[in-house]
Amino acid sequence: MLWCFLLTSSELISLVKEYNSNVNTDMLRKAYIFAMEAHGIQKRASGVPYFYHPAEVARLLAELKLDAQTVITGLLHDVLEDTTVCFTELSEIFGSEVAFLVEGVTKLSKINYASSRVHKAENFRKFLLAMSRDIRVLIVKLADRLNNMRTLNYITSIEKRKRVSLETLEVYAPLAERIGMNIIKDEMEELAFYNLHPDEYSKISLQLDQIRNKDNNFVQNTILELKKILKENGIDANISGREKKIYSIWKKMQTRNVSLEQINDIVAFRVIVDNLQQCYMSLGVIHTNFQIVPGRFKDYISIPKLNNYRSLHTTVIGPLKQSVEIQIRTEEMHRVADEGVAAHWFYKSDGALFRKDEQEKYKWVKNLLTVFQNSSNPGELISHSKLDLFEEEVFCFTPNGDLITLPRGATVIDFAYEIHTAVGNTAVGAKVNNKMVPLKTVLRNGDQVEIITSPSQNPDGTWERFAITSKAKTCIKKFIKTREKKEFCLLGLQLIKCALSSSKTPLSEDMIPFKEYSCGSLDKFYYNIGRGIISLDSIRMILPLSENIGNIYNDSLCITNFIPGVAVHFPACCSPIFGDKVIGVLTPQRGLVVHVTSCNNLGKNKYNFIKVNWTQNDDIYTEFVARLRIVIQNETESFSIITNIISSHEANIINLKVEHRSTDFFDLLVDIRVTDVSHLGDIQAALRTCSLVRSVRRL
Ligand code: MN
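0 is the number of the first residue of the sequence shown in numbering that gives the first Met the number 0; add one for each residue after it.
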């Protein structure tokens with residue numbers, strides 16, 4: 000077997016030189032030696048040194064006539080994953096282009112296809128396409144997979160062989176087809192089929208041998224006859240007979256439910272002519288001389304396949320009275336059919352583009368989309384090839400390699416809700432590619448996302464501004480709505496309780512005539528009271544007429560169990576913090592607004608004041624923002640002293656502003672997050688002990 004002999008660096012270089020005489024041979028040799036040394040004594044499953052594998056991948060790429068960067072990437076494609084070599088090192092030695100290509104191939108290898116989240120192979124294929132922003136990354140990955148398939152027989156675990164084969168069949172072969180590399184696709188399918196269904200494979204293979212023996216001269220005679228007829232019409236064609244691959248025969252037998260004997264186009268004949276005009280001329284000649292099998296003619300020249308495949312297909316009752324499939328194409332179409340993007344690349348690089356500068360030279364090849372746009376019928380190709388998914392979707396994955404597909408523009412919060420509603424509801428941030436980022440961060444293709452959660456987190460309305468998936472939006476809305484309902488219900492109930500606290504009649508639920516207020520339920524009644532939709536005065540109606548309750552807001556209302564900012568608010572005018580003397584103001588629609596008793600905004604309307612009682616709640620962790628005005632001497636170290644004092648008390652500075660500055664003093668406004676009044680008091684006291692601080696005052 001070929002791959003048992005190590006390809007030497009000189010052999011590789013001469014392969015590349017055949018189609019690219021200007022290649023930098025030093026760089027190729029350097030990459031060869033570098034990869035060999037990096038893999039060192041690592042071994043393949045077959046027992047040969049590991050380096051045999053990247054060398055063979057490089058050979059494949061050179062056979063496809065790819066540019067030097069791609070061949071070098073083939074040599075280096077496993078060093079990031081399997082050796083101690085790092086990106087920076089690659090970039091320094093081989094340039095950033097090669098380093099990025101190798102990194103791209105490495106990323107593709109990390110994704111877990113077997114994962115339960117990848118329900119559809121199609122999703123995974125789309126993902127790989129999107130990940131390979133540079134088409135060459137995908138080509139190297141395909142070459143890598145092909146070599147692994149060629150050496151799959153050395154893997155002893157049957158289960159692993161089947162898994163790899165299935166993945167090849169479902170993901171990599173269709174990808175190869177998508178970018179038109181049919182030679183690679185065919186070989187992958189044959190190898191995968193052989194490993195998945197060894198019995199079927201050998202059965203068909205045996206039958207094929209028998210058919211071949213029976214019709215010894217069928218292929219040769221058909222070719223001669225076709226050649227003769229075309230020649231008579233002035234067309235000099237190159238004709239070959241190509242046997243269908245075992246896998247595609249098997250597929251045909253499955254889909255049409257027929258036996259091998261019933262498949263009459265096991266051999267397809269290829270007629271290769273000089274130009275487009277001759278393609279149609281040949282077709283005319285063949286159709287004139289032989290009877291057409293109806294329904295089998297296809298013109299992929301006028302309407303190319305999505306992968307740029309162009310050819311005329313027809314089936315006729317051939318010269319030997321047997322039905323034969325004939326494919327007619329030009330030399331260039333033929334190369335594109337076999338090598339796809341790679342052929343196209345070579346075709347371009349061999350022409351005018353080759354002389355342009357390095358960057359320009361390969362620019363067009365860097366994006367698969369561009370390749371498709373360059374084809375003869377871009378509109379149709381793009382709308383049918385699903386490549387618009389590049390625009391619409393981004394593909395990210397969890398630390399386990401599970402794929403999460405999101406619409407473009409999706410953020411961390413969308414990702415969190417995609418995993419689970421509970422993860423979304425408690426998300427506080429994420430590590431994207433190991434860096435901490437906020438929830439609103441927009442995700443990009445290939446991001447690895449680890450959501451950080453906290454049980455004390457609560458979604459709030461601001462999340463809706465950066466959530467873009469309907470799942471996230473719905474969950475956030477639902478959470479906020481439910482919480483709002485709960486909070487206003489609780490407020491309503493508390494209000495009723497304290498309104499009736501001085502009455503002799505104890506509150507019982509059946510006393511409340513909620514239906515009279517067109518409320519479907521008791522909760523709805525509480526909610527409407529909390530919202531101020533039903534006036535609290537109506538509570539009087541509940542009580543027996545004999546009772547005179549006087550001031551209905553007699554008792555104080557406990558605000559401890561409320562989540563700040565929903566039904567109970569701490570306004571910015573006085574920013575109350577826990578421990579302050581406060582009073583509540585009942586505000587229709589908004590709920591209860593809690594002010595510091597000395598607040599100027601409190602107003603005179605004492606009848607809607609409500610006494611509140613405020614204790615710590617261990618379940619709801621709240622922090623409050625207090626604003627301090629600090630006057631401090633104008634010294635270089637002033638700022639650092641203040642921030643040191645505050646942070647040593649475990650308080651966060653969330654805003655700092657110089658309000659006034661003279662030669663001697665600064666007037667600073669500092670907003671800090673504290674847990675309660677005593678926490679703030681400690682900080683104020685500490686600040687005052689500092690000799691540079693002239694005054695500290697809470698605003
Ligand atoms: Mn590899």
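Ideal Cβ positions, reconstructed from N, Cα and C, are used throughout, including at glycine.
Item: Considering only DSSP beta bridges, list what E324 is partnered with.; Value: A267, T314
Item: Quick check: the Cα distance between V448 and I183, rounded to an integer number of angstroms?; Value: 33 Å
Item: Please state the DSSP three-state secondary structure of S574.; Value: coil
Item: I need the straight-line Cα distance from Q206 to N194, nearest angstrom please.; Value: 19 Å
Item: Tell me the DSSP bridge mates of S239?; Value: R269
Item: Is H38 near the ligand MN, in the sense that its beta carbon is under 7 Å from a heavy atom of that ligand?; Value: no
Item: Which residues in the same chain as K656 place their Cβ atom closer than 6 Å to its Cβ, once the five residues preceding and following it in sequence are excluded?; Value: L668
Item: Once DSSP output is grouped into helix, strand and coil, what is the label at A67?; Value: helix
Item: Can you name, in chain order, every residue of its own chain whose Cβ lies under 7 Å from the Cβ of K514, other than the five neighbours on each side?; Value: none
Item: For D133, is the beta carbon positioned less than 7 Å from some heavy atom of the ligand MN?; Value: no
Item: Report yes or no: do three or more beta-carbon pairs, one from the stretch 132 to 142 and one from the stretch 59 to 77, lie closer than 8 Å?; Value: yes
Item: Where do the N-terminal and C-terminal ends of the alpha helix (DSSP H) with E260 fall, by residue?; Value: Premise fails: E260 is in no alpha helix (DSSP H) and is neither H nor E.
Item: Alpha carbon to alpha carbon, how far is V163 from F268? Give it in angstroms, no decimals.; Value: 33 Å
Item: Using the Cα positions of R309 and M280, report the straight-line distance between them to the nearest angstrom.; Value: 16 Å
Item: Run the CB neighbour count on V695, radius 10 Å, all protein chains shown included, and call it buried at 16 or more, exposed below.; Value: buried
Item: Would you call G423 buried or exposed, if buried means 16 or more other Cβ atoms sit within 10 Å of its Cβ?; Value: buried
Item: May I ask you to verify whether the stretch 460 to 477 touches the stretch 410 to 430, counting CB pairs closer than 8 Å and requiring at least 3?; Value: yes
Item: Within 10 angstroms of its Cβ, does S677 collect 16 or more other Cβ (buried), or is it exposed?; Value: exposed
Item: For R135, is the classification buried or exposed, using 16 other Cβ atoms within 10 angstroms of its Cβ as the cut-off for buried?; Value: buried
Item: Buried or exposed: which applies to T614, given that a residue is buried once 16 or more other Cβ atoms fall within 10 Å of its Cβ?; Value: exposed
Item: For a test of the three-state rule: what should DSSP assign to S455, helix, strand or coil?; Value: coil
Item: Per DSSP, what are the beta-bridge partners of S694 in this structure?; Value: V630
Item: Below 8 Å between beta carbons: does that hold for L691 and R626?; Value: no
Item: What residue range is occupied by the uninterrupted beta strand (DSSP E) comprising M435?; Value: 434 to 436
Item: Compute the beta-carbon to beta-carbon distance between L442 and C395, rounded to the nearest angstrom, for a pair I have assumed lies under 8 Å.; Value: 5 Å
Item: Using DSSP with H/G/I as helix, E/B as strand and the rest coil, what is D208?; Value: helix
Item: Run through DSSP, which three-state label would I418 get?; Value: helix
Item: So, with DSSP's three-state summary, where would you put T586?; Value: strand
Item: Span of the alpha helix (DSSP H) holding N146?; Value: 134 to 149
Item: What does the alpha-carbon distance come out to for the pair A98 and E330?; Value: 35 Å
Item: Taking the straight line between their C-alpha atoms, what separation do you get for Y31 and I671?; Value: 59 Å
Item: Can D77 be considered in contact with the ligand MN, in the sense that its beta carbon sits closer than 7 Å to one or more heavy atoms?; Value: yes
Item: I need the straight-line Cα distance from G233 to T150, nearest angstrom please.; Value: 47 Å
Item: Which of the three DSSP states is assigned to S444 in this structure?; Value: This sequence places Asn at residue 444; Ser is not what is there. Residue state, collapsed to three classes: coil.
Item: May I ask you to report which of helix, strand or coil DSSP gives L168?; Value: helix
Item: Who are P612's beta bridge partners in DSSP?; Value: The question names Pro, yet the displayed sequence has Asn at residue 612. Its beta-bridge partners are C557.
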